[in-house]
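Chemist: First residue of the sequence shown? That's 23 in the working numbering, and the numbers climb one at a time after it.
Have a look at this one before I ask anything.
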Amino acid sequence: MHGYPYIHYKSPFSSLQFYSKTKFQICNFLLKDGVLHPLLQKISSMRHSLLDKKILDGQFVQIEMGDTKFLEEVFGHYFNDSMKMMSTVERGISKTLPHFPLMDRFLHQLKGGSSSIGASRAQNAIVRLREILAQYDTEEKVHT
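Okay, structure coming up:
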């Protein structure tokens, strides 16, 4: 099984307050005659694919096992913050005289956030971008 530990999937509905009839209906939808619903099979397949392609890493597997409300919060903050930071870096790069130290600070924060959720490919891309920006910053200082 792809070399990853078996993960017991916590139901996303376990922390929500549903009437028992609703819970029963949801369970019947997800598990029919002992077989996982195709949607859950697809989610599981996508998860393994993301791990196999090293887009996600072991850190993701660790936090995945946590509380679903916590996961929603962590990923929500990550996506909101990362969009803002990337937008700032994008604007900074497009300037005639980019402020490399400021962009590097945002990228450092983004790298830390990516690391905390197990987004290893994003983390690696950010490391490479920081290296490129540092090179340009050095070249800019030499030419001035």
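Using N, Cα and C, we set each Cβ at its ideal position, and we do this for glycine too.
Just to confirm, are Leu-132 and Met-108 a CB contact at a threshold of 8 Å?
Modeler: On the sequence shown, residue 132 is found 110 positions in, with the first residue counted as 1. On the sequence shown, residue 108 is found 86 positions in, with the first residue counted as 1. In contact: Leu-132 and Met-108 (Cβ atoms closer than 8 Å).
Chemist: Counting along the chain, where does the alpha helix (DSSP H) carrying Pro-120 start and finish?
Modeler: On the sequence shown, residue 120 is found 98 positions in, with the first residue counted as 1. From DSSP, Pro-120 is part of no alpha helix (DSSP H); its letter is neither H nor E.
Chemist: Taking only the alpha-carbon atoms, compute the straight-line gap between Gln-111 and Ile-139 and give it to the nearest angstrom.
Modeler: For the purposes of this step, residue 111 is taken as residue 89 along the sequence shown, with counting starting at 1. For the purposes of this step, residue 139 is taken as residue 117 along the sequence shown, with counting starting at 1. Before going on, a small fix: residue 111 reads as Val here, not Gln. A direct Cα-Cα distance of roughly 21 Å separates Val-111 from Ile-139.
Chemist: For a test of the three-state rule: what should DSSP assign to Lys-43, helix, strand or coil?
Modeler: If you number the sequence shown from 1, residue 43 lands on position 21. Residue placement at Lys-43 is flagged as unreliable, the pLDDT there being 46, under the threshold of 50; a coordinate-derived value is accordingly withheld.
Chemist: Contact between the region 72-90 and the region 140-149 is defined here as three or more beta-carbon pairs at a separation below 8 Å; is this criterion met?
Modeler: Verdict: yes, contact present.
Chemist: Measuring CA to CA, which of Leu-124, Pro-123, Asn-146 is closest to Gly-19?
Modeler: Limits of the chain in this structure are 23 at one end and 166 at the other, which puts residue 19 out of reach.
Chemist: Here's the rule I'm using: 16 or more other beta-carbon atoms within 10 Å means buried, otherwise exposed. How should Met-68 be labelled?
Modeler: The residue labelled residue 68 in the question sits at position 46 within the sequence shown. Answer is exposed; the Cβ neighbour count stays below 16.
Chemist: For Ala-141, which three-state DSSP category applies?
Modeler: Position 119 of the sequence shown holds residue 141. In the structure shown, Ala-141 sits in coil (DSSP, three-state: anything other than H, G, I, E or B).
Chemist: Could you check whether the region 118-126 touches the region 151-158, counting it as contact only if at least three pairs of C-beta atoms, one from each stretch, sit closer than 8 Å?
Modeler: yes
Chemist: Is it right to say Leu-61 is buried, meaning 16 or more other beta carbons lie within 10 angstroms of its own, or is it exposed?
Modeler: Taking the first residue of the sequence shown as position 1, residue 61 is located at position 39. It counts as exposed.
Chemist: When you compare only the Cα positions, how much space is there between Phe-101 and Ile-148?
Modeler: Locating residue 101 in the sequence shown gives position 79, where the first residue counts as 1. Locating residue 148 in the sequence shown gives position 126, where the first residue counts as 1. Ile-148 has its alpha-carbon roughly 15 Å from the corresponding atom of Phe-101.
Chemist: Leaving out five residues before and five after Leu-72 in sequence, what residues of the same chain have Cβ atoms less than 7 Å from its Cβ?
Modeler: As a first step, residue 72 must be located in the sequence shown, where it is residue number 50. Around Leu-72: Leu-78.
Chemist: Considering only the alpha carbon of each residue, which of Met-125, Ser-66, Leu-124 lies closest to Val-83?
Modeler: As a first step, residue 83 is located in the sequence shown; it is residue number 61 there, counting from the start. With distances taken between Cα atoms, Val-83 lies closest to Ser-66.
Chemist: State the Cα-Cα distance for the pair Asp-74 and Asp-126, rounded to the nearest angstrom.
Modeler: Your numbering for residue 74 matches position 52 in the sequence shown. Your numbering for residue 126 matches position 104 in the sequence shown. So the two alpha carbons sit approximately 29 Å from each other.
Chemist: According to DSSP, is Gly-135 helix, strand or coil?
Modeler: As a working note, residue 135 is residue 113 in the sequence shown. Correct three-state label for Gly-135: helix.
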